[in-house]
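Student: Residue numbers (our numbering), protein chains in the order written: chain U, 1328 to 1564; chain W, 2 to 425. Cβ coordinates follow ideal geometry from the N, Cα and C atoms, glycine included. Would you mind keeping the following structure in view while I ask a few things?
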Ligand SMILES: Nc1ncnc2c1ncn2[C@@H]1O[C@H](COP(=O)(O)OP(=O)(O)O)[C@@H](O)[C@H]1O
Ligand SMILES: [Mg+2]
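So this is what it looks like as structure tokens:
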């Protein structure tokens, strides 16, 4: 089960139009991820981390090559199908935690479930569970503006995890956090990874984050420079 | 999800207040102006009823056909009997005889020589009967410029402008020259009891009002009248009742072979008032259309500005797996909610304003240079049942249209571009 390839990237190229010319952000990327991996994309700013995560998250599609996520080829999905894939199987966490400011912590987390068909009771249970995982159940009724950076990022994790996605994509999740909060968040994510067998894929250039990774992929100028396996996943479960 | 949207609308004031205010203002104006127009139309119809058509009117059939020629040779005869019948059959209606006629009015000097004369439209109404309310109905008292309302036979009112033109003032004698019902010459002297202002150029140029009995004598129309007008209690017109009464009355004479058999017409059947009412509907329809157009454009722009502010939110929602179509539909649902809130508010305000103008009226006699017979002294609105939705539906529609237009931008954008807005 664990060796099932949940994400496969084959010769993925991404070009952006820039003025009259083109800019190649990803050059011939070949990568595979197993279910349950805890992996990081590491590289300097502009190396293509976000672009790669967006393609895996079906927010964008490759110019060339194929990106297959959960058996589906991203470039062949309709807009609706890709929304459905995100809604059910992919969670996002961003650098800026991006909560909807008018809604409470509880409502922010609940939103992801409103798009699916769950009863109010199911939703309530799932939301409270998710807030429990990240340790902020007591803040359910607060507004985002009242939260600290660390708390906000926990809500974002709860929101991404509440639907128990297969894949969680985190784009520089600790960039705006102090060391203590960064560690706490990573520990939370690591334990969720163990508990729910969710595949975690980070982008970061933060040394602190790298320590937690089972696998680190170094990107430079849109190419994979090095792909290191640090902890073999097969031994852990 | 609707609950979710409502929370957003209520908590994020900047998202809702401006559109609600815009919608409310538009709806208020629509409702109020429609109410004002209903009132003005009502006044116009009322005026017609008082001066010309009655709420229902009885004439002979040939008189009706040639109405414009004041054909008194075709007038009703034995009207006492007819009125007695009418009073028996329709006891709630007040019936009034009137005669319209035309001729020449001549003002002589002390020596009997003409010092001024001119053609005049004549109107004979019941000035002296106790039961008659014609003086009030014709708004005579406020319209008097000099002198008084006639108090005895042989007295007349003439229009003020006419009195100056022919040099006849209050107390002077004038001679009316015309033709009787049978076509012979009619001469009669009247004493000018007062002068009035009609408020219509045609009437002010030359008109004379006398008592109905004087007219019957002068025109050889014993127990005759050109027309019998019927008025509902309190002078309030009801088209259904009027139509009903006219049908009942006319049924009695349908088989009559008397070519002078009477015929009854409701107010709406006369003087093209039906088309006037339709015209009023078209006008208010156009007003509503213009309002929807203008509001939509304003709300479109408001939506565009609001949308810019919310790109980040849309980005998050896309990432959470909402489709663009769903986001768009939610925007529309939000617009419906906001439109409903704004329209409810606007309808309440508009109705309140129209109702106030209906009850209290707006007295324009201070602003109008002179009061006259044909102009109402008080402007009133009229609250009709359609005011409850006439602004409401366009209000919601304008909000939805404005939002739909501004939301197209969201649709056209690439997911990735929308999402880019997230990277601050
Ligand atoms: N939509 C876009 N249009 C043009 N260029 C882009 C776009 N998105 C990313 N890029 C470029 O692609 C490169 C990689 O960007 P990104 O994936 O955001 O890097 P990272 O996340 O590693 O900092 C950068 O040089 C960036 O300017
Ligand atoms: Mg980035």
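Pull every residue with its beta-carbon under 5 angstroms away from any heavy atom of ligand 1, and keep them in chain order.
Tutor: 1343/U, 1352/U, 1372/U, 1373/U, 1374/U, 1375/U, 1376/U, 1377/U, 1378/U
Student: Give the residues of chain U in contact with residue 17/W, contact being defined as C-beta atoms less than 8 angstroms apart.
Tutor: Mapped onto the second chain, residue 17/W falls at position 16. The contacting residues do not exist; residue 17/W stays about 11 angstroms from chain U at best.
Student: For residue 162/W, which residues from the same chain have a beta carbon less than 6 angstroms from its beta carbon, with the 5 sequence-adjacent residues on both sides left out?
Tutor: Your numbering for residue 162/W matches position 161 in the second chain. Around residue 162/W: 205.
Student: Relative to the C-alpha of residue 1429/U, which residue among 141/W, 50/W, 15/W is closest?
Tutor: On the first chain, residue 1429/U is found 102 positions in, with the first residue counted as 1. By alpha-carbon distance to residue 1429/U, the top candidate from 141/W, 50/W, 15/W is 15/W.
Student: What first and last residue would you give for the beta strand (DSSP E) that runs through residue 58/W?
Tutor: Counting from 1 along the second chain, the entry for residue 58/W is found at position 57. Note, residue 58/W: beta strand (DSSP E), 57 to 61.
Student: With a threshold of 16 other CB atoms inside 10 Å of the CB of residue 379/W, please say whether the residue is buried or exposed.
Tutor: Taking the second chain and counting its residues from 1, the one referred to as residue 379/W is at position 378. Result: exposed.
Student: Return the CA-CA distance between residue 1480/U and residue 1396/U, expressed in angstroms with no decimal places.
Tutor: To locate residue 1480/U, count along the first chain from 1; it is residue 153. To locate residue 1396/U, count along the first chain from 1; it is residue 69. Residue 1480/U and residue 1396/U have their C-alpha atoms roughly 25 angstroms apart.
Student: Using the DSSP secondary-structure output, state which residues sit across from residue 1496/U in a beta bridge.
Tutor: Numbered from its first residue, the first chain carries residue 1496/U at position 169. Residue 1496/U pairs with 1419/U, 1528/U.
Student: Is DSSP giving residue 232/W helix, strand or coil here?
Tutor: Here residue 232/W is taken as the residue at index 231 of the second chain, counted from 1. In this structure, residue 232/W counts as strand in the three-state DSSP scheme.
Student: Taking the straight line between their C-alpha atoms, what separation do you get for residue 1351/U and residue 1404/U?
Tutor: In the first chain, the residue the question calls residue 1351/U occupies position 24. In the first chain, the residue the question calls residue 1404/U occupies position 77. Rounded to whole angstroms, residue 1351/U to residue 1404/U spans 23 angstroms at the Cα level.
Student: Ordered along the chain, which non-local residues of its own chain (more than five positions away) have a Cβ less than 7 angstroms from that of residue 1563/U?
Tutor: Start at 1 with the first residue of the first chain, and residue 1563/U comes out as number 236. Reliability of the predicted coordinates at residue 1563/U is poor, the pLDDT of 43 falling under 50, and the value obtained from them is presented with this limitation in mind. There are no such residues.
Student: Buried or exposed: where does residue 1540/U fall if 16 or more other Cβ atoms within 10 Å of its Cβ makes it buried?
Tutor: Against the first chain, residue 1540/U aligns to sequence position 213. When all chains shown are included, residue 1540/U counts as buried.
Student: Specify whether the segment 211 to 229 of chain W and the segment 86 to 101 of chain W touch according to this definition: at least 3 beta carbon pairs, one from each stretch, less than 8 angstroms apart.
Tutor: yes
Student: Between the segment 316 to 336 of chain W and chain U, which residues of the former have a C-beta closer than 9 angstroms to a C-beta of the latter?
Tutor: 316, 317, 318, 319, 320, 321, 322, 323, 324, 325, 326, 327
Student: Quick check on this structure: which residue in 1388/U, 1448/U, 1442/U, 1486/U has the alpha carbon closest to the alpha carbon of residue 1458/U?
Tutor: Translated into the one-based positions of the first chain, residue 1458/U becomes position 131. That would be 1486/U, whose Cα lies nearest to the Cα of residue 1458/U.
Student: Judging by CA-CA distance, which residue of 33/W, 170/W, 404/W is the nearest neighbour of residue 333/W?
Tutor: As a first step, residue 333/W must be located in the second chain, where it is residue number 332. Cα-wise, what sits closest to residue 333/W is 404/W.
Student: So, with DSSP's three-state summary, where would you put residue 160/W?
Tutor: Locating residue 160/W in the second chain gives position 159, counting from the first residue. Three-state result, residue 160/W: strand.
Student: Quick one: using the 10 Å Cβ neighbour count with 16 as the cut-off for buried, is residue 11/W buried or exposed?
Tutor: What you label residue 11/W is simply residue 10 of the second chain in a count that begins at 1. So residue 11/W ends up on the exposed side.
Student: Cβ of residue 3/W less than 8 angstroms from any chain U Cβ?
Tutor: Position 2 of the second chain, counted from the first residue, corresponds to residue 3/W. With 8 angstroms as the cut-off, residue 3/W does not count as an interface residue toward chain U.
Student: Keeping to the same chain, check which residues put their C-beta closer than 7 angstroms to that of residue 1399/U; ignore five residues upstream and five downstream.
Tutor: For the purposes of this step, residue 1399/U is taken as the residue at position 72 of the first chain. Counting only Cβ-Cβ distances below 7 angstroms, and skipping sequence neighbours, we find 1412.
Student: In chain W, which residues lie less than 8 angstroms from residue 1415/U when you measure between Cβ atoms?
Tutor: For the purposes of this step, residue 1415/U is identified with residue 88 of the first chain, where counting begins at 1. Near residue 1415/U (Cβ distances below 8 angstroms), the residues of chain W are 322.
Student: Does the distance from the C-beta atom of residue 55/W to that of residue 277/W stay below 8 angstroms?
Tutor: Within the second chain, the letter at position 54 stands for residue 55/W. Within the second chain, the letter at position 276 stands for residue 277/W. No; because the gap between Cβ atoms is not below 8 angstroms, this pair is not in contact.
Student: Counting contacts by CB-CB distance shorter than 8 angstroms, is residue 1445/U in contact with chain A?
Tutor: In the displayed structure, chain A is absent; the protein chains listed are U and W.
Student: List the residues of chain W that residue 1430/U touches, going by C-beta distances under 9 angstroms, in chain order.
Tutor: For this step, residue 1430/U is matched to residue 103 along the first chain. The answer, in chain order, is 5, 8, 9, 12.
Student: Tell me whether residue 1498/U, by its Cβ, gets closer than 7 angstroms to a heavy atom of ligand 4.
Tutor: As presented, the structure is devoid of ligand 4, carrying ligand 1 and ligand 2 as its sole ligands.
Student: What is the residue span of the beta strand (DSSP E) that residue 1354/U lies within?
Tutor: Here residue 1354/U is taken as the residue at index 27 of the first chain, counted from 1. Looking at the DSSP string, the run of the beta strand (DSSP E) that includes residue 1354/U is 1348 to 1361.
Student: Along the chain, which unbroken stretches of the alpha helix (DSSP H) at least 4 residues long are found entirely within the segment 168 to 233 of chain W?
Tutor: 202 to 206, 213 to 219
Student: Any heavy atom of ligand 2 closer than 7 angstroms to the Cβ of residue 1530/U?
Tutor: As a first step, residue 1530/U must be located in the first chain, where it is residue number 203. Under cutoff, so the answer is yes.
Student: Using a Cβ-Cβ distance cut-off of 8 angstroms, determine whether residue 1546/U contacts chain W.
Tutor: Within the first chain, numbered from 1, the residue matching residue 1546/U stands at position 219. No, residue 1546/U does not count as interfacial toward chain W.
Student: Check residue 47/W in the structure and name its three-state DSSP category.
Tutor: As a working note, residue 47/W is residue 46 in the second chain. Three-state DSSP puts residue 47/W in a helix.
Student: Among the residues of its own chain, which have a CB less than 7 angstroms from the CB of residue 154/W, if the five just before and after it don't count?
Tutor: If you number the second chain from 1, residue 154/W lands on position 153. Excluding residues within five positions, the ones whose Cβ falls inside 7 angstroms are 212, 214, 215.
Student: Taking the runs of the alpha helix (DSSP H) that are 4 residues or longer, which of them lie wholly in the segment 82 to 156 of chain W?
Tutor: Those alpha helix (DSSP H) runs which fall completely within the segment 82 to 156 of chain W and span 4+ residues are 135 to 138, 141 to 144.
Student: Which same chain residues end up closer than 7 angstroms to residue 70/W when comparing Cβ atoms and leaving out the 5 residues on each side of it in sequence?
Tutor: As a first step, residue 70/W is located in the second chain; it is residue number 69 there, counting from the start. Nothing listed; no residue qualifies.
Student: Going by the beta-carbon positions, is the gap between residue 397/W and residue 299/W smaller than 8 angstroms?
Tutor: Position 396 of the second chain, counting from 1, holds the residue named residue 397/W. Position 298 of the second chain, counting from 1, holds the residue named residue 299/W. For residue 397/W and residue 299/W, no; Cβs fall outside 8 angstroms.
Student: Apart from the five residues on each side of it in sequence, which residues of its chain come closer than 6 angstroms, Cβ to Cβ, to residue 1/W?
Tutor: The structure shown does not extend to residue 1/W, since chain W is modelled only from 2 through 425, so no value can be given for it.
Student: Using a Cβ-Cβ distance cut-off of 8 angstroms, determine whether residue 359/W contacts chain U.
Tutor: For the purposes of this step, residue 359/W is taken as the residue at position 358 of the second chain. Chain U has no Cβ within less than 8 angstroms of the Cβ of residue 359/W.
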